[in-house]
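With UniProt numbering, letter number 327 in the sequence shown gets 327, and the count goes up by one each step, no holes.
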Amino acid sequence: MATLKITLDERRTKKNGTYPVVIRITHQSKSRDIPTGLTANSKNFSKATGSFRTDDEANAQLFSLLECYSTRLKELRKTGIDHLSAQELKNKLLSFQARDEITIKGFWEKEIEHLRSVNRHGSAAIYQNTIQVFEQLTSLKIPFEEFGYKALLDLERKLFAGKRNVNTVGVYMRTFRAICNKAIHQDVSSRDWYPFKNYKIRKAKTTPRVLSLEEMKAFFQLNLLKTDTRYRYWCMGKLMFLLRGINLNDLLLLRPDNIKGDRLIYQRGKTGKSYSIQILPEIQFLLDQFNSNHLLLGQFSKVQMEDPVKFTHVMGQKRKLINKRLKELGKEIGTVEEITTYVFRYSYANIAKQLGFSKDLIAEALGHEYGNSVTGIYLELFDQETLDHMNKRICKKVNEPPSRTP
């Protein structure tokens, strides 16, 4: 049975003749010491009582430390310590934090560090942005179980008071809910505490922003010179569409070795799903408009990508610039919806549907599961030839002259 006691480490004598005062862990007939930062000698310290003979202030400090480590040991016993060596137990006591010692802020920041360590920098940025907003509105330097349902409602009220829309507040609340779920799964808080139990995150219905077939034709038929500052952004927009609605981040991070013969093979960053897309002549022409480096489109240098956290910001700035140029092109052809990087994926699906392709096939092309799990299994049966045929049809259609002015 593991025990803790305050004693002197008489193996190590200080120059002034005193010894370190330690909290000694005895476990499985072996001992390890945790330093307290105090020193004493046999004249002013009683080993029998584990206390200073006349220094009440030092004793208060010692007993507070002993109580803290005793509480931690009690918590560790709940999950079992018999399999631990004395050194391992010491390490756990030093690193362990009881529930009431872990704050929402501390736990949240560790989750951000974890996301960055596994290269999920986009998610880390969302977590970072959300905690910064929350800290302006409420204190997060409290244990999870001190933040209840009423505090959650108060936080929501403050978020809306800042003129944020329903979906923006929804993003913040879903992020916080994810943090709370992680805290429960890691036994930092109990399931009984969960403040989202009776709280529903509101979501406003949004109309999908898509371009019609005629608008997409007009976009593809724009007559831009290579010297036009918008030319490469126009090419990026067409690539996002022709590569079956590829995500902008995935497009910009493609590497030359993603090309295998006449196919582009890559994994979507968000889901890890693999895509294999035939490189049509129209796609190859667009790729040839860029100067490759370590990236297929050559939009970032290795130096820009060295620091993952800073690169998240660089990517964000690039997205803003691309959207700015695409919106200019949308105004030029008079689209109903603004053209942004967002519209190409959903426009691809919408146009494929207009051309008579099934929802199942469209879902497979975009990497979605459509319907129930049985349908999900069925989707795997679509071969590349079927998907290639659909993409060729769509590519041919949008490259036709528009039948009317959009």
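Note that CB positions come from ideal geometry on N, CA and C, so glycine has one too.
As the structure is a prediction and not an experimental result, all values here were calculated from the model.
Extent of the continuous alpha helix (DSSP H) run through Gln267: From DSSP, Gln267 is part of no alpha helix (DSSP H) but of the beta strand (DSSP E) over 263-267.
Kindly indicate the opening and closing residues of the alpha helix (DSSP H) around Ala60. Note, Ala60: alpha helix (DSSP H), 56-79.
Straight-line gap, Leu379 to His389 (C-alpha atoms, nearest Å): In this predicted model, Leu379 has a pLDDT of only 43, less than 50, meaning its place in the structure is not dependable; the value taken from the coordinates is given anyway. Rounded to whole angstroms, the separation of the alpha carbons of His389 and Leu379 is 16 Å.
Check whether the Cβ atoms of Lys217 and Val343 sit closer than 8 Å, and answer yes or no. Cβ atoms of Lys217 and Val343: not closer than 8 Å.
Does DSSP put Thr168 in a helix, in a strand, or in coil? DSSP places Thr168 in the helix class (H, G or I) of the three-state scheme.
Just the C-alpha distance for Leu225 and Thr312, rounded to the nearest angstrom, thanks. Within the model, the alpha-carbon separation for Leu225 versus Thr312 is close to 31 Å.
What's the call for Met240, buried or exposed, on a 16-neighbour Cβ count within 10 Å? So Met240 counts as buried.
Please go through the same chain and pick out, in chain order, the residues whose beta-carbon is closer than 7 Å to the beta-carbon of Pro402, but skip the five residues on each side of it. Excluding residues within five positions, the ones whose Cβ falls inside 7 Å are Glu214, Lys217, Ala218, Gln221.
Could you name each continuous alpha helix (DSSP H) segment of 4 residues or more that falls completely within the stretch 84-142, going from the start of the chain to the end? For the stretch 84-142, whole alpha helix (DSSP H) runs of length 4 or above, ordered along the chain, are 86-95, 104-117, 121-135.
Nearest to His121 by CA position, among Gly298, Gly80, Leu4, Val309, is which residue? Out of Gly298, Gly80, Leu4, Val309, Val309 has the C-alpha closest to the C-alpha of His121.
Could you check which residue in Asn249, Leu137, Arg116, Arg157 has the C-alpha nearest to that of Gln128? The residue with the shortest Cα to Cα distance from Gln128 is Arg116.
Whole angstroms is fine: what's the gap from Ile259's alpha carbon to Gln132's? The C-alpha of Ile259 lies about 41 Å from the C-alpha of Gln132.
For Leu326 and Trp234, I'd like the C-alpha separation in whole angstroms. For Leu326 and Trp234, the distance between alpha carbons rounds to 7 Å.
Own chain partners of Phe350 with C-beta closer than 7 Å, once the 5 adjacent residues on each side are dropped: Residue identity differs from the one stated: residue 350 is Asn in this sequence, not Phe. Once the five neighbours on either side are set aside, the close Cβ partners of Asn350 are Val210.
Contacts around Ile362, its chain only, beta-carbon distance under 7 Å, and the 5 residues preceding and following it disregarded: The beta carbon of Ile362 sits closer than 7 Å to those of Ala349, Ala352, Lys353, all from its chain and outside the five residues before and after it, given in chain order.
Here's the rule I'm using: 16 or more other beta-carbon atoms within 10 Å means buried, otherwise exposed. How should Ser29 be labelled? Using a 10 angstroms sphere on the CB of Ser29, the tally of other CB atoms stays under 16, which defines it as exposed.
In the stretch 263-321, which residue ranges form an unbroken alpha helix (DSSP H) of at least 4 residues, counting only runs that do not cross its ends? If we require 4 residues or more, the alpha helix (DSSP H) runs fully inside the stretch 263-321 come out as 281-287.
What did DSSP end up calling residue 407 once you bin it into helix, strand or coil? The question about residue 407 has no answer here: the residues shown for the chain are numbered 1 through 406.
Got a sec, what are the start and stop residues for the alpha helix (DSSP H) Tyr342 sits in? Tyr342 -> no alpha helix (DSSP H), and no H or E assigned at all.
Just list the alpha helix (DSSP H) runs in the stretch 167-226, keeping only unbroken ones of 4 residues or longer that don't cross its boundaries, in chain order. Runs found: 213-220.
Residue burial classification, Ser189 (beta-carbon count within 10 angstroms, cutoff 16): With 16 or more Cβ atoms within 10 Å of its Cβ, Ser189 is classed as buried.
Residues that Lys5 bridges to, as DSSP identifies them: Note: Lys5 sits in a beta bridge opposite Arg24.
For Thr229, is the classification buried or exposed, using 16 other Cβ atoms within 10 angstroms of its Cβ as the cut-off for buried? Exposed is the call here.
Looking only at C-alpha atoms, which of Ile277, Ser212, Glu385, Cys68 sits nearest to Ile339? If we check each option's Cα against that of Ile339, Ser212 comes out closest.
I need the DSSP call for Ile394, collapsed to helix, strand or coil. Correct three-state label for Ile394: helix.
Helix, strand or coil: how does DSSP classify Phe160 here? Correct three-state label for Phe160: helix.
Within its chain, find whatever has a CB closer than 7 Å to the CB of Arg32; leave out the 5 residues flanking it on each side and keep chain order. For Arg32, same chain residues with a beta-carbon under 7 Å away, outside a window of 5 residues either side, are Ile25, Ala86, Gln87, Lys90 in chain order.
How would you label Phe285, buried or exposed, when you count the other beta carbons within 10 angstroms and need 16 or more for buried? Exposed.
Meets three-Cβ-pair contact criterion under 8 Å: the stretch 33-41 and the stretch 11-19: Yes, the stretch 33-41 touches the stretch 11-19.
Use the C-beta contact count for Lys185: other C-beta atoms within 10 angstroms, 16 or more gives buried, fewer gives exposed. Looking at the sequence provided, one finds His at residue 185 rather than Lys. The residue is exposed, with fewer than 16 neighbouring Cβ atoms inside 10 Å.
Are the Cβ atoms of Leu251 and Leu280 separated by less than 8 Å? Result no, Cβ atoms of Leu251 and Leu280 do not sit closer than 8 Å.
Pick from Thr49, Leu94, Asp82 that is closest to Thr71, judged by C-alpha positions: Taking the Cα of Thr71 as reference, the smallest distance to any Cα among Thr49, Leu94, Asp82 is reached at Leu94.
Taking the alpha helix (DSSP H) that Pro249 belongs to, which residues open and close that run? Here the sequence assigns Asn to residue 249, which means Pro is not the residue at that position. Counting along the chain, the alpha helix (DSSP H) containing Asn249 begins and ends at 248-252.
Can we say the stretch 315-323 touches the stretch 190-203, given the rule of at least three CB pairs closer than 8 Å? No, the stretch 315-323 does not touch the stretch 190-203.
Could you tell me the distance, in whole angstroms, from the CA atom of Met1 to the CA atom of Ala124? Cα-Cα distance, rounded: 42 Å.
Residue 411: which of Asn198, Ala178, Asn167 sits nearest, CA to CA? A question about residue 411 goes unanswered here, because the residues of the chain that appear run from 1 up to 406.
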